[in-house]
Amino acid sequence: SSVDKQLSCGCHTFSIPNRRKEASFALHTKTVTGVRYYRNEFLVTVSRDTHIRLWNTFNQSEVSAISLESPVECLDLIDSQAVAGLQSGLAVVVDLSQGLVTRMSSVDCRYSITSVHLSSEYLFTAAEDDTCKVWSRQTGQCLTSVATHDTPASVVTFPKTGRVAVGGSSGFVYQYELLK
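Once you know that position 103 of the sequence shown is 100 in this note's numbering, the rest is easy, because the numbers rise by one and skip nothing.
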C-alpha cells in the first residue's frame, strides 16, 4: 500500500523512493516528540505543546485533538489505544476508535516519562527517576519497578516473556525480567 512507502519525520510525511514531501500537518506549536500511523488513514502525533492530535493522512486535516496537563515526551500505540508520556510524570491512555481522541485513564510516575510501551495487559514506563515500571492496564496499579541506575531513554518490552530492554542515557542497554 502507499502507506508502506511513506516515512514520517516530525509532522512531515515523505515518500521513501524519491524522498518527496507529500504532506505537512502544521498545528503543533512546539517540538513533535512522537508520531505513529493508525489504521493506514490516520496519523497520531504528540508534542511538547501538550497536545495529542489525530490527523487524516489523505486530506491532511486534523480530525481530533486533546490538550493534556503538561508537555508530551513520548507516544506508543496498540490497536485503537495510544499512550502518551508527559513531562509531569503522567502516562495518559487515550482511545482513538471513534475518530476522536478520548482520555481513558492515567498513571502517575511522579517524574518526567522518557519512554512508554503499551501492550494488551500492561503499560511500561521509563522515567527520569532512573526507574522502569510495569502498570496494570486494568487497575492502574504499579505491579513492579526496577531501578536502572541510568536515566532510561527508551523502553522496549517482550510481553510474552516478561522481559524489558531499557536504553539508558549513558549508551548502555539493560535487560530485565520484570514479569514472571
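The beta-carbon is built from N, C-alpha and C at its ideal position, and this holds for glycine as well. The model shown is predicted, which means the values in this text are computed figures rather than measured ones.
**Asked** Helix, strand or coil for Asp105 per DSSP?
**Response** Here residue 105 refers to the residue found at position 108 of the sequence shown. In the structure shown, Asp105 sits in a strand (DSSP, three-state: E or B).
**Asked** Taking Ser142 as the reference, which of Arg50, Val131, Phe169 has the closest Cα?
**Response** As a first step, residue 142 is located in the sequence shown; it is residue number 145 there, counting from the start. Ranking Arg50, Val131, Phe169 by Cα distance to Ser142 puts Val131 first.
**Prompt:** Rounded to a whole number of angstroms, what is the C-alpha to C-alpha distance between Asp34 and Ala144?
**Reply:** For the purposes of this step, residue 34 is taken as residue 37 along the sequence shown, with counting starting at 1. For the purposes of this step, residue 144 is taken as residue 147 along the sequence shown, with counting starting at 1. For the sequence presented, residue 34 should be read as Tyr rather than Asp. Spanning the two alpha carbons is a distance of roughly 32 Å.
**Prompt:** So Asp73 is in the beta strand (DSSP E); what residue range does that whole segment cover?
**Reply:** Residue numbering aside, residue 73 sits at position 76 when the sequence shown is read from its first letter. Element bounds for Asp73: 69 to 75.
**Request:** Compare the C-alpha of Gly96 against each of Thr111, Asp76, Asp105 and name the closest.
**Result:** For the purposes of this step, residue 96 is taken as the residue at position 99 of the sequence shown. If we check each option's Cα against that of Gly96, Asp76 comes out closest.
**Item:** Classification of Ser67 by the beta-carbon crowding that lies within 10 angstroms, buried from 16 upward
**Value:** On the sequence shown, residue 67 is found 70 positions in, with the first residue counted as 1. It is exposed - the Cβ of Ser67 has fewer than 16 other Cβ atoms within 10 Å.
**Request:** Just mark Ala23 as buried or exposed, buried being the case when its beta carbon has 16 or more other beta carbons within 10 Å.
**Result:** Your numbering for residue 23 matches position 26 in the sequence shown. With fewer than 16 Cβ atoms within 10 Å of its Cβ, Ala23 is classed as exposed.
**Prompt:** Looking at the structure shown, is Asn53 part of a helix, part of a strand, or coil, going by DSSP?
**Reply:** Looking up residue 53 in the sequence shown gives position 56. In the structure shown, Asn53 sits in a strand (DSSP, three-state: E or B).
**Message:** Check this for me: beta carbons of Ala79 and Val69, under 8 Å apart or not?
**Reply:** Numbered from its first residue, the sequence shown carries residue 79 at position 82. Numbered from its first residue, the sequence shown carries residue 69 at position 72. Going by C-beta atoms, Ala79 is not nearer than 8 Å to Val69.
**Message:** If you follow the beta strand (DSSP E) that Gln172 is in, where does it begin and where does it stop?
**Reply:** Indexing the sequence shown from 1 puts residue 172 at position 175. 170 to 174 is the extent of the beta strand (DSSP E) around Gln172.
**Lys130: first and last residue of the uninterrupted beta strand (DSSP E) it sits in** = By 1-based counting over the sequence shown, the position of residue 130 is 133. From DSSP, the beta strand (DSSP E) with Lys130 extends over 128 to 133.
**Request:** Take the Cβ of Ala124 as the centre, count every other Cβ of all protein chains shown within 10 Å, and call the residue buried at 16 or more, exposed below.
**Result:** In the sequence shown, counting from the first residue as 1, residue 124 sits at position 127. Buried is the call here.
**Request:** Spatial neighbours of Leu115 within its chain, please: CB distance less than 6 Å, with the 5 preceding and 5 following residues excluded, ordered by chain position.
**Result:** Stepping through the sequence shown from its first residue, residue 115 is reached at position 118. Excluding sequence neighbours, Leu115 sits near Asp73, Ile75, Val80.
**Asked** Rounded to the nearest angstrom, how far is the Cβ of Val104 from that of Ile63, given a contact under 8 Å?
**Response** Stepping through the sequence shown from its first residue, residue 104 is reached at position 107. Stepping through the sequence shown from its first residue, residue 63 is reached at position 66. Val104 to Ile63, Cβ: 17 Å. No contact.
**Request:** Return yes when the Cβ of Gly86 is within less than 8 Å of the Cβ of Cys106, no when it is not.
**Result:** For the purposes of this step, residue 106 is taken as residue 109 along the sequence shown, with counting starting at 1. For the purposes of this step, residue 86 is taken as residue 89 along the sequence shown, with counting starting at 1. Taking 8 Å as the Cβ cut-off, Cys106 and Gly86 qualify as a contacting pair.
**Message:** So, for His48: in the same chain, excluding its five sequence neighbours on each side, which residues have a beta-carbon less than 6 Å away from its beta-carbon?
**Reply:** Residue mapping note: residue 48 aligns to position 51 of the sequence shown, counting from 1. Around His48: Ala62, Ser64.
**Item:** Contacts around Asp46, its chain only, beta-carbon distance under 6 Å, and the 5 residues preceding and following it disregarded
**Value:** On the sequence shown, residue 46 is found 49 positions in, with the first residue counted as 1. So the qualifying residues of the chain are His25, Thr26, Lys27.
**Request:** Look up Gln84 in the DSSP assignment and say whether it is helix, strand or coil.
**Result:** Taking the first residue of the sequence shown as position 1, residue 84 is located at position 87. Note: Gln84 maps to coil in three-state DSSP.
**Request:** Give the straight-line distance between the Cα atoms of Leu83 and Gly168, rounded to the nearest whole angstrom.
**Result:** Counting from one through the sequence shown, the residue named residue 83 turns up at place 86. Counting from one through the sequence shown, the residue named residue 168 turns up at place 171. Cα-Cα distance, rounded: 23 Å.
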